Amino acid sequence: MSQSACPESVIRRIAGMFILLSLVLGWAVSPLWFLFTAFVGLNLLQSSFTSFCPLEIALGRVRLFGCGR
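The sequence shown lines up with residues 15 to 83 when you count with my numbering.
What follows is the structure, given as structure tokens:
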């Protein structure tokens, strides 16, 4: 495991919250928020192939939710 390793459930939980929030914002504020939904989805897809996750790195740097230990 890398130094910034996070529990997978933390990554999934945060990604799910980002997706739901961006869907609500896309409906209530501006359809441009749907681009953020697509970005999160594409990032989840690429991380399943490459094991590279920017969210995991960011959480590891600030040592949140048990990441970076």
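The beta-carbon is built from N, C-alpha and C at its ideal position, and this holds for glycine as well. Bear in mind that the values here come from a model prediction, so they are computed numbers and not experimental data.
Three-state secondary structure assigned by DSSP to residue i
{"i": "residue 77", "result": "coil"}
{"i": "residue 45", "result": "coil"}
{"i": "residue 19", "result": "coil"}
{"i": "residue 40", "result": "helix"}
{"i": "residue 82", "result": "coil"}
{"i": "residue 63", "result": "helix"}
Of the listed residues the options, nearest to residue i (C-alpha basis)
{"i": "residue 47", "options": "37, 54, 28", "result": "37"}
{"i": "residue 29", "options": "53, 19, 40, 39", "result": "53"}
{"i": "residue 70", "options": "81, 32, 64", "result": "81"}
{"i": "residue 59", "options": "35, 43, 26", "result": "26"}
Exposed unless 16 or more other CB atoms sit within 10 angstroms - verdict on residue i
{"i": "residue 73", "result": "buried"}
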